[in-house]
Amino acid sequence: MAYHPILAAGEAAATLHYVHNNRTLENKTNLLIDAGAEWNNYASDITRTFPLNGKFTPESRAIYDIVLKMQEDTMALIKAGASWDDIHVVAHKVAIDGLLSIGILKGDKQEILDSRTSSAFFPHGLGHHLGLDTHDTGGNPNPKDKDILFRYLRLRGTLPAGSVVTVEPGVYFCRFIIEPYLKDPKHSKFIDTDVLDKYWSVGGVRIEDNVFVTEAGYENLTTAVKKAEDVEAIALA
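Count along the sequence shown from 1, then add 1; that gives the number in the working numbering.
Dropping the structure here:
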């Protein structure tokens, strides 16, 4: 294995690098599996989220569909010379659209983006370089960035041809991350807590693929299924 796998069920999936991997699966909604093989010293890094009973609940399916669209829309922008910061912003815009559509967020889309309220639900970067190390070098992160939307990006700047990056959007319901937003009027005015309460059990959904950047676009090196219906079929098998 390229790294110690993350296997997080229910609300544990809201923890980005969950390490306990020792809780029962009973009465949990989803199972998030983040794992990757190593081949000739090169790492892979793949995540899929499965419904534990074989069928997504309405709430978890809604979040899954949002995350899948985040990935599809951002992947479409990948090519040599593309700005990773700009692609990351697109992921946030798609997340905001989705969370507005199901009522967790309310208000004006641009104001929500400008306030950075979406970072409560998508708190990490869209991806990172992948190579001899799972989080490979050369990403030029800036952990001192004053803008929280970009502070935790492991990859900044433009994408070089020939590089391999992960594309791993996610939407999470992590109480210790979200609760400070709920206490801040700057953010709380955009969050409907009555609707939010229906989603805590979802925990988190992440979909992660490994992508080879080309001059004209990209090649997706990950072949694991990710359409909701296909994921459900595997969970039922």
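Where is the CB? At the ideal position from N, CA and C, for every residue including glycine. Computed from a predicted model, the values in this text were never measured in an experiment.
Original post:
By Cβ distance below 6 angstroms, which residues in the same chain neighbour Ala92 in space, the five residues on each side in sequence not counted?
Top reply: So the list reads Met71, Thr75, Leu127, Pro170, once near-sequence residues are dropped.
**OP:** Please say whether Ile149 and Ser120 have beta carbons closer to each other than 8 angstroms?
**Re:** Yes. Within cutoff.
**OP:** Report back the beta-carbon spacing between Val165 and Leu131 to the nearest angstrom; my notes put them in contact at under 8 angstroms.
**Re:** 5 angstroms
Original post:
Can you list, in chain order, the residues of its chain whose CB lies under 6 angstroms from that of Glu209, leaving out five sequence neighbours each side?
Top reply: Contacts found: Ile47, Thr48, Thr167, Glu169.
Subject >> Helix, strand or coil at Phe51 according to DSSP, with G and I counted as helix >> reply: strand
Original post:
Taking the DSSP output, what are the residues bridged to Ile192?
Top reply: Leu106
Original post:
Considering only C-alpha positions, which residue in the set Ala225, Ile235, Lys227, Tyr219 is nearest to Ala81?
Top reply: Closest option to Ala81, Cα to Cα, is Tyr219.
Original post:
So which of Thr215, His188, Ser202 has the shortest CA-CA distance to Gly163?
Top reply: Thr215
**OP:** Would you kindly report the start and end of the unbroken alpha helix (DSSP H) that includes Asp66?
**Re:** Unbroken alpha helix (DSSP H) run through Asp66: 59-76.
**OP:** Rank Asp134, His136, Arg155, Asn141 by C-alpha distance to the C-alpha of Pro124 and give the top, closest one.
**Re:** Pro124 has its Cα closest to that of Arg155, out of Asp134, His136, Arg155, Asn141.
Subject >> Between the CA atoms of Thr58 and Pro6 - distance to the nearest angstrom >> reply: 25 angstroms
Original post:
Over what stretch of residues does the alpha helix (DSSP H) that includes Ala10 continue unbroken?
Top reply: Run containing Ala10: none in the alpha helix (DSSP H); it sits in the beta strand (DSSP E), 7-10.
Original post:
If Thr30 sits next to Gly11, beta carbons under 8 angstroms apart, how far is it from one beta carbon to the other, in whole angstroms?
Top reply: 6 angstroms
Subject >> DSSP bridge partner residues for Asp210 (one or two, in chain order) >> reply: Val168
Original post:
Do the stretch 178-189 and the stretch 105-120 make contact, defined as three or more Cβ pairs closer than 8 angstroms?
Top reply: yes
Subject >> Among Leu183, Asn28, Ile88, Met2, nearest to Pro13 - alpha-carbon criterion >> reply: A quick correction: the sequence has Ala, not Pro, at residue 13. Among Leu183, Asn28, Ile88, Met2, the Cα nearest to that of Ala13 belongs to Asn28.
Subject >> Endpoints, the beta strand (DSSP E) within which Ile219 is located >> reply: What sits at residue 219 in the sequence shown is Tyr, not Ile. Per DSSP, Tyr219 belongs to the beta strand (DSSP E) from 219-221.
**OP:** Name, in chain order, the residues that DSSP records as bridge partners for Asp35.
**Re:** Ile7, Thr48
Original post:
Under the three-state reduction of DSSP, which class applies to His136: helix, strand or coil?
Top reply: coil
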